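All remarks here apply to the structure that follows.
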Amino acid sequence: MSQSYNRGLIEDFSRWREFSAGMWAWIFHKFTGWVLVGYLFTHIAVLSTALSGAAMYTNTIQALESLLVVRILEVGLLAVAVFHILNGLRLLFVDLGVGLEAQDKSFYASLILTGVIVVASVPTFLAGVSI
């Protein structure tokens with residue numbers, strides 16, 4: 015006979031409190047990876063306007079850059095990319111056996127460093143936008 019395992023209710027969303035830093039790092043890394051893949055398609059769509067001519071591409075870029083929502087999305091993209099890079103480097107070091115005892119601390123450090131970089135870059139991203 016096979017043993018059964020009680021997995022609980024699928025709708026039991028209270029289990030997130032049980033997640034460790036490693037689980038959150040895995041979730042955030044997967045999420046940011048999928049966001050970057052999704053952005054790739056948007057990036058290709060914008061670049062494809064160059065096929066209609068240089069003027070069309072320039073007009074598209076100028077129109078997008080003038081929108082506040084696009085600038086905010088760019089800040090979000092920066093946050094996603096920076097976290098994904100820093101967490102990827104953290105994972106590389108863990109795979110090499112460096113800092114195995116401090117995985118939680120290095121995850122929190124990557125979150126804090128991401129926040130610092132993003133907050134410091136906000137004025138640059140929002141400069142020149144018309145509201």
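In our numbering, the protein residues as written are 15 to 145.
Glycine included, each C-beta is placed from N, C-alpha and C at the ideal position.
Keep in mind that this is a model prediction, so the values were computed, not measured.
Counted within 10 angstroms of its Cβ, other Cβ atoms place A64 as buried (16 or more) or exposed: exposed
task: Verify whether the separation of the beta carbon atoms of L92 and F42 is less than 9 Å.
output: no
query: If you drop the 5 nearest sequence neighbours on each side, which residues of the same chain put their C-beta closer than 8 Å to that of G7?
result: This structure cannot settle anything about residue 7, because the visible part of the chain is limited to 15 through 145.
- request: Run through the segment 39-69 for me and flag every whole alpha helix (DSSP H) of 4 or more residues, listed as ranges in chain order.
  value: none
task: Within 10 angstroms of the Cβ of H57, are there 16 or more other Cβ atoms? Answer buried if so, exposed if not.
output: exposed
Residue from L110, L114, I126, S135 whose Cα sits closest to the Cα of E88: S135
message: By alpha-carbon positions, which one of A95, L105, I86 ends up nearest to V49?
response: A95
task: Taking only heavy atoms of the ligand ATP into account, decide whether any of them is closer than 8 Å to the Cβ of L82.
output: Annotation note on the ligand ATP: not contained in the displayed structure, which lists no ligands.
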